[in-house]
Structure formats: structure tokens, C-alpha cells
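Trainee: In terms of the working numbering, the sequence shown opens at residue 64 and continues consecutively.
Below: one structure in C-alpha cells.
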Amino acid sequence: MCLRLNDQVAIVTGGGEGLGSAVAERFALEGAKVVIADVNQKAARETVERIKAQGHDAVAIKTDISVEADVIALANQVREKYSRVDILHNNAGVLFHGKDAKAHELSADIWDTTMRVNARGMWLCTKYVLPLMMDHGGAIINLGSPTALNGTGAGLTAYSASKGAILGMTAVLANDYASYNIRVNCIIPGTMDTPMNKGFLTNLANQPKLLARIPLGRFGAGKDVAGLAVFLASSDSAYCTGGFYMADGGLMAF
Ligand SMILES: NC(=O)c1ccc[n+]([C@@H]2O[C@H](COP(=O)([O-])OP(=O)(O)OC[C@H]3O[C@@H](n4cnc5c(N)ncnc54)[C@H](O)[C@@H]3O)[C@@H](O)[C@H]2O)c1
């Protein structure tokens, strides 16, 4: 069998739960050695155990991506263990349902915390992992959101703004690192059934309105982004950089 990521070293931030966990498992299945960088060490270890139980290679490194010292320590540990990184899956993110709000109702605290993890954290991971890629090339995948592009983020000012930063970062990184053969792309999931949306999606009152906007008629799951992530991480996407790829059940086409 031809594995698409054979022997590549992949860091998956936020790989403990939700979309990141599914991507980490899929990367491992495709032959990658996976590093799970998550603030939730228990969840990260559980992902590692699932991967190892299938006979694949994974390690968990406790990391809060918004803390520079943590990200430096992550890069140092990966350098010591593997000497290189081929894939950075910039997935970790936060959304504070019930606290993120319309601009005039939003607290500075929620704005700062959201931007600190989603925008600053993604940049920090990129900053410290790039030197582990620059001599041989690689793939960076950032997780965006439709909330940066259309009205699906109504009432989510901080989250939508943070995801707008990620779209901009994807474009500038794609340009700045193309000469190093580092490709940078963005996955834009739709409304996904993950721990991030727990409570929000399970609230039956929210469901009809949300589902009515999704042409494929269901919420997404980790497996709905995992194949796309493998494509963007692998040489199958060798001519793709700076792109935004929807995995949203048609939400953006609605
Ligand atoms: N769920 C959706 O509907 C949806 C839609 C569009 C985009 N996204 C984006 O996809 C990504 C994954 O979303 P999800 O739904 O799987 O989220 P999730 O909340 O279900 O899982 C996020 C993971 O990231 C980890 N994490 C959170 N803050 C962290 C930090 N500071 N440092 C390290 N790890 C941290 C969590 O512990 C968790 O394991 C996020 O960037 C999110 O914004 C999600």
C-alpha cells in the first residue's frame, strides 16, 4: 500500500479533540509520525493511545499555543526527537459561545483571549516551526472559518475577526515561503459537530435554522476534513498554495 505521508513528521495543534483529533489519526494512518500539541494533555494522550493502538507513531506534547515559551519548548522537543517537521496542521482554536457577542456587547477579555489563541497562537506555532521546515520544504494548513467571510458569524465578533486574521496570514505566508517550497493553505470547515459546538448544536432550538443553511443537510464531523487535510499535506497538492478550501456541506454556496 502506498502511504501518502510516509515517514513525514506532522504537528497537529489541538489534536486532542474534535477536528484535530480526526486529522491526527488520519495523518498517522497515512504513515506520518504525529505530534499532538494540545493544552488538554488528557485529551492529547487519548488521541495518542488511539493512534498507537492502530500500530502507528504519535506523541503528545502539552502546549498552550498562545504562550510563547510553550511553543518554543514544543519546537525544541520536536527538533530533538525528529530534527525536522514536514507538516504543521494549525488547528487549535477557541470559540466562546454565549460570551462572544455583537461588538457593543463584547468584553475586551473575550476579544483578547480569542485573538490570543486563534490569531497569535497560530502565528507563534508557524514562527517557531518554520525553521524546522525551511531547509527541505513542507505544508502548513490553517483552520479558517466561514464566519470570516459571510454572515454565519453574526454575533461572534471576536471569533470572526480572529478567523479573518487567519485568512490574511495564509495569504502572506504562502507568498513569503513559496521559495522554500513551503505551501500554506487554509481549510474552512462549516458547522461541525465537535466539542467546540457542544451545547450550541445540541440545543434543539438552534438546529432547524442551522441545518436549513447547509445544502448537504447535516453537520460536519472530523472525517469530513481529514481527507482534505491529507490532500493539502501531501504531494498531491504540490501546486496548491495560498488557497482556501471549504469542507462545509455547501454552507458557503447557500
Ligand atoms: N467546529 C466548527 O464548527 C468549526 C467551524 C469552522 C472552523 N473551526 C475551526 O477548526 C478548529 C478545530 O475546531 P474544533 O471544532 O475541533 O474545536 P474543539 O474545541 O472541538 O477542539 C479544539 C482542540 O484545541 C485545543 N485547544 C484549545 N485551545 C488551545 C490552546 N490554547 N493551545 C493548544 N490547544 C488548544 C482543545 O484542547 C481541543 O483539543 C478551530 O480552529 C476552529 O476554530 C471549527
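Glycine included, C-beta positions come from ideal geometry on N, C-alpha and C.
Just so we're clear, the structure is a prediction, and the values are computed from it rather than from any experiment.
Output the residue ranges of the alpha helix (DSSP H) runs that lie fully inside the region 225-312 and measure 4 residues or longer, sorted by chain position.
Mentor: Counting only runs of 4 or more, we get 270-275 and 286-296.
Trainee: Check this for me: beta carbons of Tyr222 and Leu193, under 8 Å apart or not?
Mentor: Taking 8 Å as the Cβ cut-off, Tyr222 and Leu193 do not qualify as a contacting pair.
Trainee: What three-state label does DSSP hand Val72 in the structure shown?
Mentor: DSSP places Val72 in strand when its eight states are reduced to three.
Trainee: Name the two residues that bound the continuous beta strand (DSSP E) containing Val122.
Mentor: Here the beta strand (DSSP E) through Val122 covers Ala121 to Lys125.
Trainee: DSSP three-state call for His167: helix, strand or coil?
Mentor: Note: His167 maps to helix in three-state DSSP.
Trainee: Check whether the Cβ atoms of Pro209 and Asp70 sit closer than 8 Å, and answer yes or no.
Mentor: Contact flag unset, no.
Trainee: Here's the rule I'm using: 16 or more other beta-carbon atoms within 10 Å means buried, otherwise exposed. How should Asp299 be labelled?
Mentor: Classification for Asp299: exposed.
Trainee: Which runs of the alpha helix (DSSP H) fall wholly inside the region 90-116 and span at least 4 residues, in chain order?
Mentor: Runs found: 104-116.
Trainee: Using a Cβ-Cβ cut-off of 8 Å (strictly less than) and excluding sequence neighbours within five positions of Phe317, which residues of its own chain qualify?
Mentor: Around Phe317: Arg276, Ile277 and Pro278.
Trainee: Here's the rule: buried if 16 or more other CB atoms are within 10 angstroms of the residue's CB, otherwise exposed. What is Ser297?
Mentor: With 16 or more other Cβ atoms within 10 Å, it is buried.
Trainee: Which two residues bound the contiguous beta strand (DSSP E) that contains Asn205?
Mentor: First-last of the beta strand (DSSP E) with Asn205: Gly201 to Leu206.
Trainee: Going by DSSP in three states, Ile150 sits in which element: helix, strand or coil?
Mentor: Looking at Ile150 - three-state DSSP - the assignment turns out to be strand.
Trainee: Just the Cα atoms here: how many angstroms apart are Ala155 and Ile124?
Mentor: Each residue's Cα considered, the two are about 14 Å apart.
Trainee: Going by the CB atoms, is the gap between Asn153 and Ile204 shorter than 8 Å?
Mentor: Yes; because the gap between Cβ atoms is below 8 Å, this pair is in contact.
Trainee: Would you mind stating whether Val148 and Asn181 have Cβ atoms separated by less than 8 Å?
Mentor: Contact flag unset, no.
Trainee: Applying the criterion that 16 or more other CB atoms from any shown protein chain within 10 Å of the CB defines a buried residue, is Val75 buried or exposed?
Mentor: Buried: at least 16 other Cβ atoms inside 10 Å.
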